[in-house]
Amino acid sequence: MQSTDWNNKLRRRIVDLVYTGQDGHIPSAFSIVDIISTLYRNVLRVDPANPEWPERDYFILSKGHGCVALYTVLAERGFLTEDDLSTFCRKGGILGEHPDRNKVPGVEASTGSLGHGFPFSVGIGIGLKLKNRSNKIYTLLGDGECHEGSVWESAHLAANHELSNLTVVVDWNQSGQQLLPLDNLPEKWRSFGFETMVIDGHSESELKSTLEAARLNETNRPTAVIARTTKGKGVPLIEGHGPWHHKIPSEDEYKQIMKVLS
Amino acid sequence: MTTVIGIDKPIREQFADTMLRVGKRDEELVVMVGDISHGVLSPFREEFPERYFNVGILESAMISMAAGLSSLGFRPVVHTIAPFLLERAFEQIKLDFCYQGLPGNLVTVGSAFDYSNLGSTHHCYGDFAMLKTLQNTDILFAGSASEFDVLFDQAYSNHRLSVYRLPSRSHGVEIDPRDIRIGEPIKIREGSDITLIATGPQLASVVGAVDQLVAEGWDPEVLYVHSIRPMATKLIRESIGKTGKFVTVEEHMEAGGFGDDILRVTRDMPNITSASIAIPGTFVLDYGTYDEHLETLGMTPDGVVRKVAETFGQR
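Heads up: the sequence lines are chains D and V, in that order. Following numbering that gives the first Met the number 0, the numbering of the first sequence begins with 0 at its first residue and continues without gaps. Following numbering that gives the first Met the number 0, the numbering of the second sequence begins with 0 at its first residue and continues without gaps.
As structure tokens, this is what we get:
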């Protein structure tokens, strides 16, 4: 697996958000920030000046609790301002611990309860086909989220409706395997009729080439990109499945984390 | 008031006719079914195959998928058996439609214990209570074919979630379609000393009780409610303010039913006495016909007369 610090700036912003907001999921965000960053830098057709541009591609963060990663990327792309970020988890702000489509520019679905964003994306995929539009949909799921029955209901629907405009990215950081060890996700997605590939979810080059290729999908099948990731990627102190899932760093821990990321 | 019991078109058939009629003028209307009603909906399917989805037996994903379609500007109509659509997929309804402020239409069959012999797995008589906890949601109980047609026209393209309960049987009371307005109760009979308020097919029980009550010296005022939410209160308060007594009749659990709404509407009014004919807080465990269930629960003309006598004594 290619080791990388290419998104350390985003990771520092994530830590700042959580430290100042005193809430958030740092390891989950570190697990997916490279995926979201690649999508918004290299793949998605979006217009920050017009978040509801009809020709845009859609990104839906089905595992909504990783939203601090999305917020930092949306800010980098110009959907959000520094003032917006400064209100994270503040009364009156627009940024909470789960993304809200009615508050946050660029957020397409309010998620947080797992197993909702993916079927919502399937509806968008079917709707775009009905309208003969070429927009693409990318949906990011957690591997723990793949325990939800609605995920497999939706996979069934996406394949049967031949949603070649839909790409599912699974953040395969082994969270799900902590609970249910039989976890052969690639085989499951293949068996449901998805074009399925396994990549390094922290490698800029692999992410870029795979997600761009999915955009050009010429089969009649949806795509599943199983991204091998590490929860807390980039800072050994918080990597893995320990107590850091929803932990707020102390001042000393904040300094240690920032030192690693600097 | 003319009563014409039994001549109305089956309401599910009207639902299909309405989909075809509205679908012809509105190309954003999309019909999604959970593997039911293929026969009656075949005209819509044949006319608009691209806008008809027999989604499958996966109600949770079907609701979220419908919300996704709604976010693109489609007007989804999701249709299957009430407990599977509302109770199984309640969180999807709450978050994907209501919280996100997306409009849509949910059309259920299997009202209350309509599927009497299928048992509790196919009953749904707590739906008003559940749905009343949701914002941005209308709850419509069309008691006749023409009511469904009119109410759907009025509600389907508003910016809210509309949930329609389709009963298997019409109340059989003729109501001028021009009097049907979403949210507005209808006065069926002018009276002076007791208010009888029914929703859905139970209007038949109330109307059927009038002659006997009159014979006993009562002069009942009859109100009919097809919109559980929204529900305008002016007519209800005026009537109960006049009579000082009311009985509600509904094929729903007493807790959380529309009778509770009427109590809330009248709680600042002095010297009001009331009674409710509804399903008590237990499962409807027995089998048998719909009519046998109505008899057991007192949801008949005789049951209404008995409830009036038990609650208010002889006139």
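We treat Cβ as the ideally placed atom computed from N, Cα and C, and that holds for glycine. It should be emphasised that the depicted structure is a prediction, and the values quoted were computed from it without experimental measurement.
query: With which residues is E194/D paired in a DSSP beta bridge?
result: T222/D
- request: Going by DSSP, name the residue or residues bridged to R164/V.
  value: T107/V, F140/V
query: Does E46/V get closer than 8 angstroms to chain D when you measure Cβ to Cβ?
result: no
field: Residue nearest to I319/V in terms of C-alpha spacing, selected from Y124/V, L84/V, G199/V
entry: Absent from the model: residue 319/V. The displayed extent of chain V is 0 to 314, so no value can be given.
- prompt: Can the beta-carbon of F117/D be found closer than 8 angstroms to that of A66/V?
  reply: no
query: Is it right to say Y286/V is buried, meaning 16 or more other beta carbons lie within 10 angstroms of its own, or is it exposed?
result: exposed
query: From this set, T136/V, G103/V, V246/V, which residue's C-alpha is nearest K325/V's C-alpha?
result: Because chain V spans 0 through 314 in this model, residue 325/V falls outside it and cannot be assessed.
task: Output yes or no for whether 8 angstroms exceeds the beta carbon distance between H97/D and H244/D.
output: no
field: Residue burial classification, V219/D (beta-carbon count within 10 angstroms, cutoff 16)
entry: As written in the sequence, residue 219/D is Asn, which differs from the Val given in the question. It counts as exposed.
task: Report the residue from E152/D, D33/D, T86/D, T138/D whose alpha carbon sits nearest the alpha carbon of A108/D.
output: T138/D
task: With a threshold of 16 other CB atoms inside 10 Å of the CB of D178/V, please say whether the residue is buried or exposed.
output: exposed
query: Where does D199/D fall in DSSP's three states?
result: strand
task: Kindly confirm or deny that the region 85 to 95 of chain D and the region 50 to 59 of chain D touch, where touching means at least three C-beta pairs closer than 8 angstroms.
output: no
field: chain D contact for G67/V (CB, 8 angstroms cutoff)
entry: yes
- request: Would you identify the three-state DSSP class for V283/V, choosing helix, strand or coil?
  value: coil
query: Which same chain residues, not among the five before or five after L165/D, have their C-beta less than 6 angstroms away from its C-beta?
result: G124, I136, A157, P221
field: Contact set between the region 132 to 153 of chain V and chain D, restricted to residues whose Cβ is under 8 angstroms from the partner
entry: none
message: By DSSP's criteria, K246/D is part of a beta bridge. Which residues make up the other side?
response: K246/D is not bridged to any residue.
- request: Compute the distance between the beta-carbons of I59/D and G200/D, then report whether it is under 8 angstroms.
  value: no
query: Taking Cβ positions only, does S161/V come closer than 8 angstroms to chain D?
result: no
message: Given 7 angstroms as the limit, tell me if M268/V has its C-beta closer than that to any heavy atom belonging to the ligand FAD.
response: Although the ligand FAD was asked about, the structure shown includes no ligands whatsoever.
field: beta strand (DSSP E) runs wholly inside the region 100 to 168 of chain D, at least 3 long, in chain order
entry: 136 to 141
- prompt: Using CA coordinates, which residue listed in T310/V, G258/V, S156/V, D152/V is at the minimum distance from F73/V?
  reply: S156/V
message: Please tell me whether M329/V has its Cβ less than 8 angstroms away from any Cβ of chain D.
response: Limits of chain V in this structure are 0 at one end and 314 at the other, which puts residue 329/V out of reach.
task: Mark K244/V as exposed unless 16 or more other C-beta atoms lie within 10 angstroms of its C-beta, in which case mark it buried.
output: buried
query: Should M0/V be labelled buried (16 or more other beta-carbon atoms within 10 Å of its own) or exposed?
result: No answer about M0/V holds up, because its pLDDT of 43 lies below 50 and its placement is not dependable.
Residues near T17/V by beta carbon distance below 6 angstroms, same chain, minus five either side: D148, F151
- prompt: In whole angstroms, what separates the C-alpha of G38/V from that of I235/V?
  reply: 40 angstroms
field: C-alpha gap between E250/D and G239/D, whole angstroms
entry: 21 angstroms
query: If you draw a straight line from the C-alpha of T110/D to the C-alpha of D99/D, how long is it?
result: 7 angstroms
R228/V (DSSP reduced to helix, strand or coil): strand
Below-8 angstroms beta-carbon distance, V121/D vs any chain V residue: yes
query: Are there 16 or more other CB atoms within 10 angstroms of the CB of G240/V, so buried, or fewer, so exposed?
result: exposed
CB contact below 8 angstroms: D95/V versus chain C: As a matter of chain content, chain C is missing from the structure shown, whose protein chains are D and V.
- prompt: Counting pairs of beta carbons, one from the region 108 to 120 of chain V and one from the region 164 to 173 of chain V, are three or more of them closer than 8 angstroms?
  reply: yes
task: Output yes if chain V places a C-beta closer than 8 angstroms to the C-beta of G65/D; else output no.
output: no
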